[in-house]
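Visitor:
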């Protein structure tokens with residue numbers, strides 16, 4: 001028995017939820033990781049309209065799809081970010097943006113994250129995937145000089161803003177799976193350690209393991225699973241390809257758009273990049289992860305209608321089971 | 001004859017200018033790249049006090065030191081930066097910080113950069129080294145999504161703010177040498193291309209080549225010299241060591257302090273890192289750079305009183321001259 | 001819609017043109033890159049026999065094949081080569097070899113190249129693929145010492161011999177696509193730069209991009225496409241495998257025959273070597289190349305009847321289209 | 001025509017011989033490399049029961065399977081080992097173990113190896129695959145200091161114990177194929193040279209080439225085939241994956257069990273590891289090896305019922321034939 | 001002030017203690033790490049002869065040398081080893097070897113280790129460096145199959161034999177520093193973890209960090225210091241050079257003698273190998289190690305009278321102090 | 001005692017022999033490897049003028065210099081080369097060039113090589129270093145297709161032309177040491193094997209080991225010494241630096257001049273390149289080479305008056321002796 005493979009709907013939110021369900025089902029996906037944007041899932045409507053979640057489930061049932069997690073990266077991002085600017089305006093609905101005053105945006109985003117936990121519970125799902133934002137990401141270059149106090153304050157700000165949200169998660173019996181990612185409070189190995197410390201390692205806060213940002217930062221996605229084995233609450237499959245090596249393309253991407261060949265790395269369809277997928281899936285077996293494997297499809301150089309079904313086949317081919325006995329057990333048969 | 005080797009005084013500004021001159025002279029440096037902070041050089045005083053620059057020169061003369069360039073990274077940084085925050089407060093004098101209102105800070109910083117050109121001229125120096133700052137560095141992760149318009153606006157902001165400054169440089173016959181560096185408008189190869197495009201390739205704007213930030217971004221410092229050979233206005237020797245490879249230390253540094261062994265890279269004394277110095281110096285010979293070689297000494301794991309003289313000896317040992325004829329010319333002697 | 005994939009017939013010239021057409025069609029190729037040797041295509045006959053080209057087209061039509069380019073490497077090679085020797089005798093027809101006097105061979109070869117342009121035009125094709133030869137390839141070791149004058153004379157010889165040929169190309173509205181290759185005037189990146197300089201960058205002269213010789217010379221075939229994007233007139237897919245690493249096999253091949261395991265590199269069927277095909281095809285998308293992708297099949301360790309259809313499937317699997325919008329466009333659907 | 005692909009039954013000895021034959025046949029294997037343990041093949045019974053070997057052959061025939069080699073690693077191991085301990089008890093049948101007194105165990109194991117040659121002959125097979133054991137493997141760390149005399153004595157012990165066995169092999173017209181492997185007298189390149197020297201290069205003693213232990217020792221399995229081309233008597237396909245690189249996993253395996261992710265390397269299903277299979281199979285073509293290719297399936301992280309048929313397909317896809325003529329022969333068709 | 005640098009006398013035990021003291025002092029060493037063999041230091045004599053230790057100290061004083069640790073690798077090795085054989089006979093004195101019966105040897109060796117703690121105390125030294133031996137090192141290949149029980153029993157045997165020894169160490173206020181090394185209970189990262197677990201992490205048992213065996217096992221000696229920072233009781237400087245890469249030399253050494261160029265790695269004089277010494281010394285600064293740096297000189301390709309003084313100079317050149325403030329503190333001087 | 005270090009005078013032939021002797025002596029060289037061009041050594045004059053060689057020796061004596069080998073690369077080159085062209089004209093004296101007719105040039109060059117053996121004998125020297133030339137180097141690209149017959153003919157031509165020369169060497173008791181080098185009959189590992197085969201492994205023909213051309217061809221200079229240990233007649237120290245890695249610089253050098261940074265590799269002063277000198281010198285110790293170590297100084301980016309004495313110091317620092325006993329011998333002192 002292989003584990004369920006889901007499609008994350010976030011990059012398909014220009015299509016209706018039903019259309020995405022129809023496509024995913026047709027390609028053979030087992031379920032959806034539903035994004036809380038587009039018309040896919042609206043936590044406010046879930047809170048306000050008693051029949052709303054049932055209507056979502058009905059669509060899933062119609063296409064034979066399951067749901068194991070829902071996602072709300074875009075609103076989670078706004079909880080801690082500083083500054084709040086045109087980038088956020090571009091991805092936030094009016095209800096959250098309001099007048100754009102930064103602290104108001106942050107608080108409304110926090111409110112939506114609480115509602116997202118409740119929507120998850122309403123859907124019978126116990127994991128919400130997302131981002132945290134960060135007030136200190138902008139200090140990443142460490143110049144102008146950044147004092148330890150400034151860094152510490154950033155982790156504290158994260159804890160202060162997320163603890164009340166996580167209290168709601170606890171109340172609902174839902175866990176938050178943060179995706180380790182540039183722009184976030186935890187964007188690599190040691191910032192993950194620091195973020196978990198900041199939040200007191202409370203069980204409500206864990207990780208969405210997405211290896212795409214590991215490979216270009218020279219982080220080992222396999223060892224990460226081992227070291228944080230009790231915090232792996234969800235798995236997203238996104239891939240990335242390093243494009244450095246000519247001396248001109250840099251690790252930081254040069255402010256260039258996706259698919260520009262001068263970037264030092266780029267997102268590519270799962271299986272087309274540098275993530276050692278087989279070793280990752282073997283490690284997931286080893287640590288006993290038994291949740292869904294979700295394809296988060298991003299590749300600015302490939303037609304998504306070709307890529308998404310191909311990624312499903314790729315992932316499925318690597319999800320072999322562990323054996324029931326070691327091979328050398330047979331040597332004792334003499 | 002080898003080229004003059006200078007010591008950049010910026011990391012010694014806790015000491016008096018005379019004390020730095022005394023140390024550098026004692027170690028054998030040929031001159032100083034004088035920083036416009038501490039009591040080393042004050043462009044405002046230079047503008048206001050007719051005898052000020054002569055007093056600086058007198059100190060140099062007393063210790064047998066020359067000057068080829070002066071530097072003003074800290075104020076240049078504030079010209080374009082957004083946001084202006086506690087980090088800037090920590091490194092700006094009251095005269096620039098004022099009430100801390102961002103736009104006022106930026107304009108006062110720009111004013112000081114103009115004065116810096118005049119101080120350079122007054123000292124008989126035709127290069128000012130420094131930073132530009134950047135309003136778009138904070139977008140480096142490209143998430144939340146950054147439109148091309150936002151990126152373009154950042155380069156335009158840079159041009160709008162620096163062109164008036166560079167007009168003063170032109171008037172004074174001085175050139176600005178920007179140090180390619182994270183946090184700046186040009187922080188790698190392709191952003192250097194874009195920044196030069198933004199400023200219309202005007203000769204007043206060139207580069208201070210400092211390879212330390214190249215090695216951890218996987219950029220080739222040697223090829224950079226070749227490709228931008230007509231823009232290399234100054235050379236700073238700072239070194240960096242990659243500390244990735246264990247799967248846990250990341251390229252972005254994890255918000256950790258200098259000398260923390262968990263950082264993915266760190267500054268080290270010249271000759272102790274990954275910069276291929278000999279190849280760099282050979283390329284400087286090839287492109288005909290004949291300015292000073294300046295040691296910008298940064299190493300949070302080494303006593304600077306040991307490191308600075310060692311760096312001088314290291315650099316001097318690599319500055320051999322080109323031959324007057326190729327070795328195979330002698331084969332025609334048959 | 002994927003681009004047409006053709007089979008280059010040069011390595012199949014021991015078979016009749018019709019037999020090659022039958023095989024290629026049966027395997028699913030979209031067309032042929034027809035070689036001007038064997039009985040495949042004879043430029044002299046095309047010039048002399050009014051019905052000849054129609055007979056070629058009839059065969060293509062019979063097998064549902066298209067033609068986008070014709071090739072004449074073997075005669076192009078003889079245009080500049082010096083010395084002309086037994087190797088040329090082995091690959092040139094009597095009509096070109098004549099009495100074997102070198103200058104006569106070169107001039108007859110040049111004449112055939114002009115006829116090849118006319119044959120292309122007659123077939124409705126606007127690209128001729130081929131080699132240039134080189135009078136200075138033999139100097140590659142730079143010992144005995146080679147003066148700059150000798151090198152310059154080689155590029156000039158190339159220009160002098162090819163400009164009159166290219167005049168005919170211009171007259172016919174056909175372009176020549178030179179394959180960058182050892183033995184030729186342009187065999188790597190910088191010799192390509194020099195050759196284009198020598199010919200004044202006239203549009204009639206461009207490149208047939210074949211990455212097989214790039215990988216063992218440590219050249220980047222992807223970056224080459226970017227840097228020469230306006231000169232990529234045709235694409236040949238040939239692959240090569242480095243076999244160095246044991247300290248005994250050398251980059252230069254040791255005068256050993258193909259498939260000898262002691263060679264430092266060898267040709268292998270497309271997809272079996274070190275060419276990063278996916279990155280190459282992505283870059284072809286980026287630069288907007290819309291011509292044919294032609295399989296030039298060479299592998300001395302593999303049965304060609306197995307390899308040629310496999311190579312077709314390999315190439316087709318990598319030729320996915322670009323998307324119509326970037327994946328993060330969907331994040332604005334909130 | 002591709003070469004026969006067999007399945008080694010050693011890791012399937014918990015199943016009955018017939019069950020293994022049924023499985024292998026169903027997956028498409030051409031034959032079996034039969035292990036002399038479990039109920040698969042018993043050399044003593046073959047010697048004592050005239051109808052025994054016919055009964056084995058009958059099972060093979062029933063499932064359309066061939067046999068080219070039989071294997072007896074477990075008893076061969078005991079011939080030279082010192083000490084003989086609990087590990088041997090775990091893999092030896094009572095008949096060999098007896099009272100466990102070391103020298104008695106070794107002699108009974110040697111006796112079985114002679115019988116194995118006779119059983120091979122009886123089955124019409126001329127290769128026995130196996131291990132030799134080693135009295136000096138335990139000295140591998142070379143500390144406490146190991147004198148050259150001690151090492152020499154180990155090779156002599158090997159020769160003394162195996163020469164009488166090989167005499168029987170010669171008498172039966174059967175050859176022994178030793179698998180180069182840690183724990184054995186020959187475990188890498190130079191110990192293979194020394195072992196062949198010790199045994200006087202007698203033709204009865206050759207090698208079972210199994211590349212899995214080469215890759216983690218940094219040995220080149222391709223070059224090994226070339227250098228020992230006249231001693232390659234059998235081929236086993238087992239794969240291994242290096243898992244070093246995080247600075248913590250070591251080459252020696254840390255006494256950790258198979259599939260533990262902290263090991264520095266592990267066995268994996270053929271095609272999932274670091275063995276360069278295509279280069280290996282090309283080299284087997286070059287040296288003229290025409291025996292069976294046998295899959296020795298070991299992967300403690302994969303269900304063998306999934307892995308064994310997949311390995312067969314993998315191997316078959318790489319076993320393409322050599323061409324009848326080189327590709328550039330067609331260039332002489334002009 | 002740099003830390004004291006000592007010379008380990010173990011490889012000089014063919015010379016008298018006084019002669020070694022004379023040499024080391026002449027080269028500029030600060031002290032000796034005294035070996036308990038040759039005539040250098042005899043724990044039995046120390047226990048039996050009240051004036052013995054004073055006589056040792058007198059020699060040290062005469063040559064101006066200090067002592068911070070004593071070493072007893074050879075007897076420690078015999079505590080757990082199995083089998084006990086000719087190798088041990090070669091390095092053990094008659095008093096320990098006795099009749100050579102294994103268990104007796106082990107117990108007499110254990111007794112000497114207790115006496116070594118007392119001798120250390122008598123010399124005013126609180127660290128004894130050495131080896132533990134191991135009953136399971138011989139299982140390193142994991143074939144014949146090794147059950148988890150067998151491995152566990154090996155660690156238990158280590159604990160059972162060393163706990164009584166360590167009780168004496170505790171009583172004397174001395175700590176044991178085990179050198180991680182093939183042949184020992186802890187020979188790499190994960191076996192160090194397991195050994196510390198087996199011994200209950202009692203403070204009496206720590207580590208002698210010697211990086212020479214790390215580099216050829218692909219272990220990171222720098223990260224090891226960080227992870228075991230509270231167990232680094234002593235530092236030995238020995239270097240090793242990897243000699244793999246030609247496909248023939250293997251990691252396991254092929255039972256070849258030191259300095260044989262066919263070995264996959266070899267010991268070399270400190271600074272001549274692959275140990276990243278500067279990064280190691282920086283990390284020692286970071287973790288606050290303030291003990292001696294001891295040169296354990298082993299290089300079978302170099303005259304030790306040349307090598308030992310050169311190693312001292314090499315080590316001293318790398319032992320620079322940390323700064324008192326970070327370089328960017330000076331940026332706040334504006 | 002370290003081995004003698006000599007300076008090869010070939011690249012100094014624009015200076016008088018006495019001037020070179022004066023310089024070399026002043027820098028501390030032990031002797032000269034005298035080139036047979038410039039006014040350094042003329043084999044014809046040696047044959048014709050009875051007092052000539054004594055005059056050379058007198059100069060050596062005056063400066064306290066020894067001679068162990070003489071060199072005649074330039075004339076050796078002309079023995080087999082085809083074509084003979086302007087490059088040869090540039091490096092041959094009129095006496096050899098004559099009317100420039102190729103076969104005459106070759107024969108006169110062969111004659112000079114015989115005289116060179118006699119001059120060596122006259123100087124009391126038993127090694128002549130040099131080149132062979134090659135009639136097949138120009139086929140290195142293997143296109144146009146090169147038949148095995150053509151390659152074989154090249155080796156035969158070499159044997160036919162050099163055997164008579166070597167007969168004279170045998171008569172004089174002198175050996176020829178061929179420098180493995182592009183443009184020569186033996187330019188890498190396998191061509192060295194073939195050349196030795198062609199000449200029947202006659203002892204008169206051996207090798208001048210110069211590792212500079214090994215590193216950029218990916219050949220292992222250390223293993224070469226081991227494999228050809230009985231043919232290492234002389235050692236030249238020249239270094240080379242790979243400059244590939246940016247995807248544009250190629251292994252073949254692009255017909256670019258020395259010191260051009262776009263070349264894929266370049267000659268550099270000994271110790272400044274990629275040759276692993278220490279491993280090489282250790283291997284020379286291992287194989288028992290006891291001849292001179294000669295510095296052949298070539299670096300088009302460095303002043304030779306700086307480089308030549310620096311190279312001497314570098315080489316001397318690496319020429320440490322082997323020990324008289326292994327380090328672990330001392331462990332038996334217990």
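Chains as they are written, first to last, in my numbering: chain Z, 1 to 334; chain R, 1 to 334; chain P, 1 to 334; chain S, 1 to 334; chain G, 1 to 334; chain F, 1 to 334.
The C-beta atom is built at its ideal place from N, Cα and C for all residues, glycine as well.
In chain order, which alpha helix (DSSP H) runs of at least 4 residues are fully inside the segment 266-306 of chain P?
Guide: 277-287
Visitor: Who are the Cβ neighbours of residue 26 of chain R in its own chain at under 7 Å, not counting the five residues just before and after it?
Guide: Here residue 26 of chain R refers to the residue found at position 26 when the second chain is read from its first residue. If the five residues before and after residue 26 of chain R are omitted, its C-beta is found closer than 7 Å to no C-beta atom of its own chain.
Visitor: Chain A partners of residue 246 of chain R, CB-CB under 9 Å?
Guide: No chain A is part of this structure, whose protein chains are labelled Z, R, P, S, G and F.
Visitor: So which residues on chain F does residue 278 of chain R lean against when the C-beta distance must stay under 8 Å?
Guide: Here residue 278 of chain R refers to the residue found at position 278 of the second chain. By Cβ distance, chain F contributes 272.
Visitor: Of all the CB atoms in chain G, is at least one closer than 7 Å to the CB of residue 304 of chain R?
Guide: The residue labelled residue 304 of chain R in the question sits at position 304 within the second chain. Output row for residue 304 of chain R: interface = yes.
Visitor: Alpha carbon to alpha carbon, how far is residue 77 of chain G from residue 210 of chain G?
Guide: Taking the first residue of the fifth chain as 1, we reach residue 77 of chain G at position 77. Taking the first residue of the fifth chain as 1, we reach residue 210 of chain G at position 210. For residue 77 of chain G and residue 210 of chain G, the distance between alpha carbons rounds to 16 Å.
Visitor: Hey, out of S:196, S:148, S:170 and S:82, whose CA is closest to residue 180 of chain S's CA?
Guide: Reading the fourth chain from its first residue, position 180 is the one you call residue 180 of chain S. Nearest option by C-alpha distance: S:196.
Visitor: Any C-beta of chain R sitting closer than 7 Å to the C-beta of residue 258 of chain F?
Guide: On the sixth chain, residue 258 of chain F is found 258 positions in, with the first residue counted as 1. Yes, contact with chain R.
Visitor: In chain order, what residues of the same chain have a beta carbon less than 6 Å from the beta carbon of residue 289 of chain G, not counting five sequence neighbours either side?
Guide: Taking the first residue of the fifth chain as position 1, residue 289 of chain G is located at position 289. Counting only Cβ-Cβ distances below 6 Å, and skipping sequence neighbours, we find 232.
Visitor: Quick one: which unbroken alpha helix (DSSP H) runs of 4-plus residues sit fully inside the segment 92-131 of chain P? Chain order, please.
Guide: Contiguous alpha helix (DSSP H) elements confined to the segment 92-131 of chain P occur at 94-97 and 102-123, taking only those with 4 or more residues.
Visitor: Let me know the alpha helix (DSSP H) ranges lying completely inside the segment 23-86 of chain P, each 4 residues or longer, listed in chain order.
Guide: Qualifying alpha helix (DSSP H) stretches, in chain order: 43-48, 52-62 and 73-80.
Visitor: Measure the Cβ-Cβ separation of residue 240 of chain R and residue 265 of chain R and say whether it is below 7 Å.
Guide: Residue mapping note: residue 240 of chain R aligns to position 240 of the second chain, counting from 1. Residue mapping note: residue 265 of chain R aligns to position 265 of the second chain, counting from 1. If you check the CB distance, residue 240 of chain R and residue 265 of chain R come in under 7 Å.
Visitor: Hey, residue 293 of chain S and residue 3 of chain S: beta-carbon distance below 7 Å or not?
Guide: Looking up residue 293 of chain S in the fourth chain gives position 293. Looking up residue 3 of chain S in the fourth chain gives position 3. Contact: yes.
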